[in-house]
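Numbering (our numbering), first residue to last: 32 to 318.
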């Protein structure tokens with residue numbers, strides 16, 4: 032393991048693609064974030080980018096300091112890209128989620144997918160925590176309770192100048208949830224194409240300022256406790272007519288599965304029944 036550059040005493044752990052899950056977990060527990068270099072190939076990133084390129088052309092740029100003024104986003108990466116489906120099921124990332132999320136739920140879900148293109152001249156995004164979208168969790172969670180695990184994949188190289196994601200290592204352990212990071216506590220996820228920066232929902236982060244002449248493209252795949260409402264509505268993004276052709280593991284990850292015996296059913300049955308060819312809600316009683 033090597034460490035990323037930071038002026039903080041807590042640094043961003045950095046690993047190569049041969050790392051084992053226990054080592055990654057140690058890094059995430061201590062820093063709240065970790066970089067795994069080249070976990071997917073550059074060709075994989077090129078394929079993902081090609082799958083989404085036509086959708087980017089239809090997207091407007093952001094309109095405020097948070098969404099950016101020179102940034103475009105495309106969601107639905109599972110529905111729109113075979114490579115997106117493969118990345119969502121990355122074995123090492125899934126092992127990390129198994130260890131961090133399953134202690135607090137029966138199953139976890141794919142929570143959100145975005146491809147983010149930060150254009151030249153973009154300002155730095157407001158530093159934030161992703162678990163802030165759940166106020167009850169945000170205000171009451173104790174350090175060590177994890178509800179989200181997010182991974183920002185480098186579809187292009189992430190550099191200091193082109194807008195590499197900002198991270199505040201160690202911020203997941205701050206007991207004062209209202210504390211804001213100081214400038215010297217902020218570092219960046221500088222990493223080569225195909226790498227992933229994993230971070231907890233309680234870790235401060237944000238999009239970086241793009242001072243270069245090129246675009247910084249990243250793909251976010253996030254995972255959440257199964258009893259939380261997913262940020263992205265996966266059932267409309269990937270309706271049964273589409274999800275029926277996916278691997279069973281991905282179907283379950285999207286949410287086509289009973290959460291418990293009393294939650295997530297359709298007509299008192301497992302919703303995966305509706306993924307059978309020709310099945311409809313009116314046919315449920317025949318199964």
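Glycine residues also receive a C-beta, built at the ideal position from the N, C-alpha and C atoms.
Output the distance between the C-alpha atoms of residue i and residue j, rounded to the nearest integer angstrom.
i, j, result
"residue 48", "residue 156", "29 Å"
"residue 225", "residue 119", "14 Å"
"residue 143", "residue 266", "12 Å"
"residue 251", "residue 136", "22 Å"
"residue 303", "residue 293", "15 Å"
"residue 130", "residue 177", "10 Å"
"residue 99", "residue 83", "20 Å"
"residue 195", "residue 180", "19 Å"
"residue 36", "residue 69", "At residue 36 the pLDDT is 37, less than 50, meaning the model places this residue with poor confidence and gives no usable figure here."
"residue 197", "residue 295", "36 Å"
"residue 128", "residue 254", "7 Å"
"residue 61", "residue 67", "15 Å"
"residue 216", "residue 200", "8 Å"
"residue 209", "residue 298", "43 Å"
"residue 239", "residue 148", "11 Å"
"residue 306", "residue 300", "12 Å"
"residue 159", "residue 211", "9 Å"
"residue 43", "residue 57", "12 Å"
"residue 85", "residue 262", "24 Å"
"residue 206", "residue 219", "23 Å"
"residue 33", "residue 92", "Residue placement at residue 33 cannot be trusted, given a pLDDT of 42 that sits under 50; the coordinates are not used to answer."
"residue 287", "residue 279", "9 Å"
"residue 275", "residue 41", "45 Å"
"residue 233", "residue 245", "30 Å"
"residue 45", "residue 59", "11 Å"
"residue 81", "residue 75", "10 Å"
"residue 50", "residue 214", "31 Å"
"residue 166", "residue 185", "29 Å"
"residue 203", "residue 152", "30 Å"
"residue 38", "residue 79", "Caution is warranted here: a pLDDT of 39 is assigned to residue 38, below 50, making its placement in the model unreliable, and the coordinate value is therefore given only provisionally. Taking the straight line joining both Cα atoms gives about 34 Å."
"residue 97", "residue 168", "22 Å"
"residue 241", "residue 71", "24 Å"
Please name the residue, chosen from the options, that lies closest to residue i on a Cα-to-Cα basis.
i, options, result
"residue 95", "281, 154, 113, 80", "154"
"residue 231", "302, 162, 99, 80", "162"
"residue 115", "160, 183, 215", "183"
"residue 64", "236, 112, 92, 244", "236"
"residue 277", "88, 71, 117", "117"
"residue 123", "206, 52, 288", "52"
"residue 385", "73, 274, 203, 56", "Because the chain is modelled from 32 through 318, residue 385 falls outside the range shown and cannot be assessed."
"residue 352", "279, 282, 286, 247", "The shown model of the chain, from 32 to 318, leaves out residue 352, and the question about it has no answer."
"residue 140", "284, 186, 291", "284"
"residue 138", "297, 291, 300", "291"
"residue 222", "211, 301, 192, 54", "192"
"residue 249", "258, 263, 228", "228"
"residue 111", "87, 44, 92, 91", "87"
"residue 150", "81, 243, 258, 77", "243"
"residue 121", "281, 54, 289", "281"
"residue 77", "273, 259, 187", "187"
"residue 90", "79, 41, 145, 59", "145"
"residue 289", "185, 274, 258", "258"
"residue 55", "80, 125, 113", "125"
"residue 256", "213, 134, 203", "134"
"residue 260", "71, 132, 164", "164"
"residue 273", "132, 113, 71, 79", "113"
"residue 132", "152, 97, 175", "175"
According to DSSP, which residues form a beta bridge with residue i?
i, result
"residue 143", "253"
"residue 65", "229"
"residue 193", "241"
"residue 184", "227, 250"
"residue 46", "67"
"residue 300", "297"
"residue 159", "236"
"residue 219", "197"
Taking only beta-carbon atoms, is residue i less than 9 Å away from chain C?
i, result
"residue 55", "As a matter of chain content, chain C is missing from the structure shown, which is built from one protein chain."
- Task: Could I get the ranges of all uninterrupted beta strand (DSSP E) runs contained in the stretch 87-150, with 3 residues as the minimum, in chain order?
- Result: 102-106, 139-149
- Task: State whether the stretch 106-113 contacts the stretch 258-276, with contact taken as three or more CB pairs (one from each stretch) at a distance under 8 Å.
- Result: yes
- Message: Give the list of continuous beta strand (DSSP E) stretches no shorter than 3 residues that lie fully inside the stretch 221-248.
- Response: 227-231
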